[in-house]
Amino acid sequence: MKKLSLILIGFCVFFGAYAQSIKELKTESSYLVYPKVPIEKIDLTTAKIEFSHGEITVSDEKSVLKETNLCKAKGAKLKDAQAIETFYYKIKYTSPDAFVRIKNNSGEVVYIKKTSEKASDYDYFGKNECYFLEAILESAYNKMKAKNDSMIIANEKSAMYKKAQDFVNESLSFYYETENIEVYYVKDSKEFQYPELLQAANTAIDGYNALKNNYADQVGKGKLMEAIKVWDAAVAQKDVNDKKARINRRSAGRLYHNIALAYAYCQDYDNAIKSLNASLAMYSGISNNFTVACESLRSRLYDEKKYYEMNKEAEVKLATASNDIVIQDLGTNSFADFKSDYASYNRDDMTDKIAEAKKIQEEAVASGEVNKYQDKVLHSATQGYMLSLPTSLGATSLAEIQAAMKKLEEFPVEACDLVQLNQLILKNNHIKTIPADIKKLVNLKRLDLSKNELTELPVELGELKELNTLVLKGNPLKAGEVEKIQKLLPDCTIKL
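Residue numbers for the sequence shown follow the numbering used here, so the first one is 49 and each next one is one higher.
The structure is reproduced here in structure tokens:
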């Protein structure tokens with residue numbers, strides 16, 4: 049056990065010697081949020097803005113709880129109060145979903161949003177009172193139950209309506225959203241110096257500070273574009289296959305994130321999303337706090353782009369407390385219709401997001417910024433990084449699934465750039481040759497090429513020193529091909 053501990057310590061020291069130290073500068077800024085509906089196309093004097101919710105229910109079941117309260121007899125002085133054990137009820141109630149719907153003067157639904165989610169909470173009847181006998185508590189509750197239930201329902205409905213009102217004010221107005229900004233840079237090390245990245249981070253901080261509550265500040269945007277140039281130059285030098293490179297996979301991922309957020313604040317959402325996809329590509333198959341934050345930002349940017357395109361020509365008028373918009377409360381009467389409209393609208397909205405994501409992905413692949421198979425790589429603790437082709441992963445229609453599952457006629461040479469792969473599964477295709485670039489997959493442990501049309505095997509397979517399983521069943525290989533590779537990889541199990 050002691051030997052194992054020493055090995056682990058040695059590994060950590062070795063790894064730490066080459067691990068880049070990613071630092072960040074922090075500030076607070078804000079971005080302009082655009083209305084969620086095309087406000088220039090809606091006459092707010094004739095539009096219908098409606099609110100509906102499900103039933104608010106108060107349970108008849110209740111739990112008896114106890115606490116110690118300071119109590120005094122009726123008419124007694126406060127100094128005569130005594131600490132005694134009292135009883136109260138814990139009563140469960142359920143708040144429903146609630147929706148806001150906006151219709152234009154033609155009656156067409158232009159926007160619908162779920163403003164409250166179904167949830168349960170508790171009311172505590174008699175808490176802080178002096179019901180020193182359970183029978184007294186029960187008697188008081190029975191007398192006040194109807195009034196108490198009505199009060200719970202009224203309070204919940206008021207809270208839901210306020211949330212809806214706040215949302216409407218935001219959805220039909222421009223306003224600033226404040227957020228904490230982190231700008232990443234790489235700390236100097238014995239091997240490399242990064243003065244330009246620290247300077248770019250400081251320049252970006254100045255830009256974000258200038259843009260706080262002032263989205264159109266050209267000086268601030270200019271500083272962000274200046275920083276972007278530095279970061280672009282840095283990521284152009286990246287080597288994702290070498291952990292000890294000056295700009296390795298990890299640091300490139302952080303710099304791409306810098307670029308994405310800076311472009312977003314300059315309202316260049318296409319480049320922002322493209323850069324964010326490049327950042328996530330550096331962490332393919334990995335899920336951590338950073339990648340979760342990137343995915344959340346990407347979702348936000350899709351929305352920002354949509355609402356920006358919708359209202360970029362509109363005059364920017366910031367929301368104020370005085371421009372509250374009246375909402376017609378339809379209560380529970382139209383709840384079923386609201387749910388149906390929400391399902392339809394949400395489905396169409398998601399379809400638009402998927403289509404936009406595919407477009408950006410295709411453009412990134414076409415430009416060479418993203419590997420065409422990057423989003424097909426799966427990762428697990430037991431299997432490592434695995435790519436299996438063909439696959440319908442990501443396909444959303446029958447036609448796409450059928451196209452994606454079409455057998456390969458050639459070896460997918462782009463997959464050889466995915467150096468993190470531990471498993472490559474290409475069985476049941478029509479592959480006839482293996483490219484020399486297969487040697488790039490230095491982390492490959494399993495290669496399954498069964499049931500293809502291979503007749504020869506390249507000597508470059510011999511450079512895959514981590515390969516422990518090579519499956520070649522069902523291939524018309526020439527005599528001596530297997531023996532050739534077995535000599536090069538004596539510890540690899542070749543299955544025929």
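We put the beta carbon where it would ideally sit given N, CA and C, even for glycine.
- Message: I'd like to check one pair, Pro83 with Ser219: are the Cβ atoms closer than 8 Å?
- Response: yes
- Query: What beta strand (DSSP E) runs, 3 residues minimum, are completely inside the region 464 to 502?
  - Reply: 471 to 473, 494 to 496
- Message: Quick check: the Cα distance between Val158 and Trp279, rounded to an integer number of angstroms?
- Response: 40 Å
- For the beta strand (DSSP E) that Asp197 lies in, which residues bound it at each end? Premise fails: Asp197 lies in the alpha helix (DSSP H), 182 to 219, not in any beta strand (DSSP E).
- Item | Assigned exposure category for Met453 - 16 Cβ within 10 Å defines buried | exposed
- Task: Please work out which residues of its chain come closer than 8 Å, Cβ to Cβ, to Ile375, disregarding the five sequence neighbours upstream and downstream, and give them in chain order.
- Result: Ile97, Glu98, Phe99, Val148, Tyr209, Ala212, Gln213, Val216
- Task: Return helix, strand or coil for Leu544, following the three-state DSSP convention.
- Result: coil
- Task: Answer yes or no: do Val461 and Pro483 have a C-beta to C-beta separation smaller than 8 Å?
- Result: yes
- Query: Among residues of its own chain, excluding the 5 on either side of Lys271, which ones have a beta-carbon nearer than 8 Å to its beta-carbon?
  - Reply: Thr251, Ala252, Asp254, Gly255, Ala258
- Message: Just to confirm, is the Cβ distance from Leu181 to Tyr136 under 8 Å?
- Response: no
- In its own chain, which residues sit with a C-beta less than 7 Å from the C-beta of Pro538, not counting the 5 before and 5 after it? none
- Give the DSSP-derived three-state secondary structure of Gly510 in the structure shown. helix
- What span of residues does the beta strand (DSSP E) with Lys96 cover, start to end? 96 to 101
- Under 8 Å between C-beta atoms of Met273 and Arg297: no
- Leu113 bridges to which residues according to DSSP? Tyr136
- Task: Compute the Euclidean distance between the alpha carbons of Lys475 and Glu501, then round it to the nearest angstrom.
- Result: 10 Å
- Cα-Cα separation, Lys493 to Ile307: 35 Å
- Message: Can you look up Leu35 in the DSSP assignment and give me helix, strand or coil?
- Response: In this structure the chain extends from 49 to 544, so residue 35 is not present and cannot be described.
- Query: In the DSSP assignment, what are the bridge partners of Ala169?
  - Reply: A small fix is needed here, since residue 169 is Asp in this sequence, not Ala. Tyr141, per the DSSP bridge assignment.
- Message: Measuring only from the beta carbon, is Lys387 closer than 7 Å to any heavy atom that is part of the ligand GTP?
- Response: You won't find the ligand GTP in this model; it holds no ligand whatsoever.
- Query: Are the beta-carbon atoms belonging to Asp171 and Ile132 less than 8 Å from one another?
  - Reply: no
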